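Sequence lines, in order, name chains G and F. Residues in the first sequence are numbered consecutively from 2, following our numbering. Residues in the second sequence are numbered consecutively from 6, following our numbering. All C-beta atoms, glycine included, are put in the ideal place defined by N, C-alpha and C. Remember, predicted model here, so these are calculated numbers, not experimental data.
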Amino acid sequence: MSAPILTLEGVSKRFVKPLDAASKFANWMGAGYTEQVVHAVDGVDLAVNEGEVVGLVGESGCGKSTLGRVVAGIHKPSAGRVSWRGSFTDEMDAPQRRAATLAIQMIFQDPMSSLNPRLRVTDIVGEAPVVHGLVDKAQQDAYVVEMLERVGLDPSYRRRYPHQFSGGQRARIGIARALAVKPQFLVCDESVAALDVSIQAQVLNLFMKLRDELNLTYLFISHDLSVVRHLSDRVVIMYLGRVVEAAPAAELFKGPQHPYAQALLANVPSIAARKKRFAPLKGEIPSPLHPPPGCHFHPRCPMAGPRCRVERPVLKEIATGHVAACHLHDGGVGLLAA
Amino acid sequence: MAPVLEVANLKTHFFTRAGTVKSVDGVSFHVERGEVLGLVGESGSGKSVTGFSVMGLIDPPGRIVEGSIKLNGKELVGLDEDGFRKVRGREVAMIFQDPMMTLNPVLRIDTQMIEAVTAHDKVSHKAARERARDALAKVGIPSPEERLNAYPHQFSGGMRQRVAIAIALLHRPPLIICDEPTTALDVTIQSQILAEMQSLCAETGTALVWITHDLGVVAGLADRIAVMYAGRIVETGAVDPVLDMPLHPYTSGLLGSLPAEGEPGAPLRQIRGSTPSLARLPQGCAFAPRCDHAQADCLALAPAVTSFPGARGVRCHHPLNLAGVAA
């Protein structure tokens, strides 16, 4: 693999709810209200190599979608930097930035809220490439036909509106729209989560076919570990805004190191586990408004000690390409079960 | 012992302007005491409508047009609303995917739970409140006494689902119908709820009909499986044989579609096409247009149920893995 095409360095994203006039006035009287800050993403480093599929996994509220949006350029990071093909996005000039924005495209979970219901498919897919001068207006129709065929949709449907399609077909329209501007990098945010198993399998197969044909790089965001395992070369697990473990997919699924990753993997329902006794983690993911101090996972962690409550664990390499942020491995503990 | 629930040739149709939608079209199954039946299917297969039919929750334009639903030997089809009020909550309860379908957002939890208790039992307000508190404690809600005074929006999604489960268990019904109760939850929370259901049902001997699209959950929870496709049960049997040696090509296709089962990176064995519209089902077997094993007779004639030893049944002209059944 070559040098990474996309890197994140210490990227954080905070959402701040500013004080309203009444609270400001109360503060002036000495009430001491503070702004509410959600630390959606908290100091994430990530590098994605060309042609790689990186799976980003975590439960709701862990910041995986926000991170995906930062990568796609929809959110600006509150701290840290994103670089694309070696140059930082905040230092790019306008043409460079436009090229980077086009090169990184996003595919959303719910096609009904990401496709304009009043546009025909031919405009949904064909508008952007014409605007950006990738194809002439005269060739738009032929280009749309090519794109629809590529994602396995019947091109004769291109005069229809999104509501006339099934869920699986809408997912394909979303993919065709992203592909139409000739991206190199796709951010897929729960792109198959809403689909039935048999349709999901079709779309996953399509993702893998496109990767081979177009040499695409994916950041594949999902809460579904079996989907990520199937698709990814490397898996990154997030918990409450931070990366807790990252490793090549096969290695991670064989021997997860972080207690959260272990619990997550143990709790995935599988058809191989019959009449199993469910042995869940205690508690729920805390609110990102008031994250616990130290390691974010310590209130639920069966192995937490006094150090976990005060000190934030850093990502440490425990095997080649395998990092975990847990104090258990900070003393040079090797692989637990390989 | 007689089964808790016996559904025979149930047909629930919806009469819409676009035509008759045969959501449930000749479904028969039974649930034994204390048993967990996994009712599996994709969207539009009729699994939820089957559950609603048992609860008497089918509203116009829908109607049960044929068949029988026997709960503890009592016929439910044709029962009036008063009759159903006596049955719901006491003899059968339902847990929905979205707990906000069970909970009223403008009433406190205690109001709702006390109402559910006194609907069937003539007990004092105080005794009812105590029963509600004990039920909350049982499903693992911390400090149940204070939480009784909370409103549904003050709970997280997982906690709300626990409240819904507590309400379903208030009268210890012999049967609970669970309609995708963990689908909207995170993996670790789903495990908590499944563990809770397992231990509670083992304790009270409650039978479950677990409606889901997730074969993994069913494998971990159920004793028997019924697979639905386009309003019909296409395969039924104990969990192990159905998952290990499926008879119906649809079951086999579903299992092949699961990303966890395939070799990572290898193409998944997908089912082509998409689920047919229930208003315009093809003639013959509803799955035939998507089936790799379909032959001329599949397109002409809808298959009847073929039964095999060990309470297995399949609705297919050319079942797979027949050697496994004969052995």
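Enumerate in chain order the residues of its own chain whose CB-to-CB distance from residue i is below 7 Å, with the five nearest sequence positions on each side excluded.
i: F:L259; result: L220
i: F:A189; result: Q102, D103, G162
i: G:E60; result: H224, I286
i: G:D91; result: R82
Pull up the DSSP beta-bridge partners for residue i, would you.
i: F:I230; result: F:G43, F:G242
i: F:T311; result: F:V319
i: F:H35; result: F:E11
i: F:E80; result: F:K75
i: G:W85; result: G:L7, G:S88
i: F:K16; result: F:D30, F:E71
i: G:H323; result: G:A320
i: G:P160; result: Correcting the residue type first, residue 160 of chain G is Arg in the shown sequence and not Pro. Answer is none; G:R160 lacks a bridge partner.
i: G:D246; result: The sequence as given places Glu at residue 246 of chain G; Asp does not occur at that position. Its beta-bridge partners are G:I238, G:A325.
i: G:G56; result: G:F221, G:V236
i: F:R237; result: F:Y234
Identify whether residue i lies in helix, strand or coil by the three-state DSSP scheme.
i: F:S262; result: helix
i: G:G333; result: Note that G:G333 scores a pLDDT of 38, beneath 50, so its modelled location is shaky and nothing firm can be said.
i: F:A332; result: Any reading at F:A332 must be qualified, since the residue scores a pLDDT of 48, below 50, and its modelled position is unreliable; the value itself is stated next. F:A332: coil per DSSP, three-state reduction.
i: G:P112; result: helix
i: F:D191; result: coil
i: G:F16; result: strand
i: G:P293; result: coil
i: F:T123; result: helix
i: F:P290; result: At residue 290 of chain F the sequence reads Cys, which differs from the Pro that was named. Looking at F:C290 - three-state DSSP - the assignment turns out to be coil, as it is neither helix nor strand.
i: G:G74; result: coil
i: G:P105; result: What sits at residue 105 of chain G in the sequence shown is Ile, not Pro. Strand.
i: F:G24; result: strand
i: G:A80; result: strand
i: F:L153; result: coil
i: F:R90; result: helix
i: F:Q300; result: coil
i: G:A339; result: Legend: pLDDT at G:A339 = 32, less than 50; position of this residue unreliable, no value from coordinates given.
i: G:Q170; result: helix
Does the Cβ of residue i have 16 or more other Cβ atoms within 10 Å, making it buried, or fewer, making it exposed?
i: G:G134; result: exposed
i: F:A212; result: buried
i: F:I230; result: buried
i: G:I75; result: exposed
i: G:K65; result: buried
i: G:I105; result: buried
i: F:H158; result: exposed
i: G:F89; result: exposed
i: F:F20; result: exposed
i: F:T25; result: exposed
i: G:N268; result: buried
i: G:Y240; result: buried
What residue range is occupied by the uninterrupted alpha helix (DSSP H) comprising residue i?
i: G:D190; result: Where G:D190 is concerned, there is no enclosing alpha helix (DSSP H), although the beta strand (DSSP E) it sits in stretches over 186–190.
i: G:F221; result: No alpha helix (DSSP H) holds G:F221; the beta strand (DSSP E) holding it covers 218–223.
i: G:Y144; result: 141–151
i: F:G130; result: As written in the sequence, residue 130 of chain F is His, which differs from the Gly given in the question. Unbroken alpha helix (DSSP H) run through F:H130: 130–143.
i: F:I252; result: Sequence inspection shows Leu at residue 252 of chain F; the Ile mentioned does not correspond to that position. Run containing F:L252: none; DSSP gives neither H nor E here.
Name the two residues that bound the continuous beta strand (DSSP E) containing residue i.
i: G:N50; result: 37–50
i: G:K317; result: 317–320
i: F:T217; result: 212–217
i: G:Y240; result: 235–240
i: F:I100; result: 97–100
i: F:D184; result: 180–184
Using a Cβ-Cβ cut-off of 8 Å (strictly less than) and excluding sequence neighbours within five positions of residue i, which residues of its own chain qualify?
i: G:A194; result: Q110, S223, H224, D225
i: G:E36; result: V17, K18, P19, L20
i: F:V70; result: K16, T17, H18
i: G:L337; result: Reliability fails at G:L337, whose pLDDT of 35 lies under 50, so the model's placement of it is uncertain and the value that follows must be treated cautiously. Here the set comprises G256, Q258.
i: F:M233; result: V32, L44, V45, G46, S50, G51, K52, T55, V239
i: G:L205; result: V193, V228, H231, L232
Excluding the five sequence neighbours on either side, which residues of its own chain have a C-beta within less than 6 Å of the C-beta of residue i, listed in chain order?
i: G:V341; result: Residue 341 of chain G is absent from the model: chain G starts at 2 and stops at 339.
i: F:H322; result: D302, C303, P308
i: G:L316; result: V324, A326
i: F:G39; result: G210, A212
Practice problem: Output, in sequence order along the chain, the residues in the stretch 177–209 of chain F whose CB is closer than 8 Å to any CB in chain A. | Solution: Given the protein chain composition of this structure (G and F), no chain A is represented.
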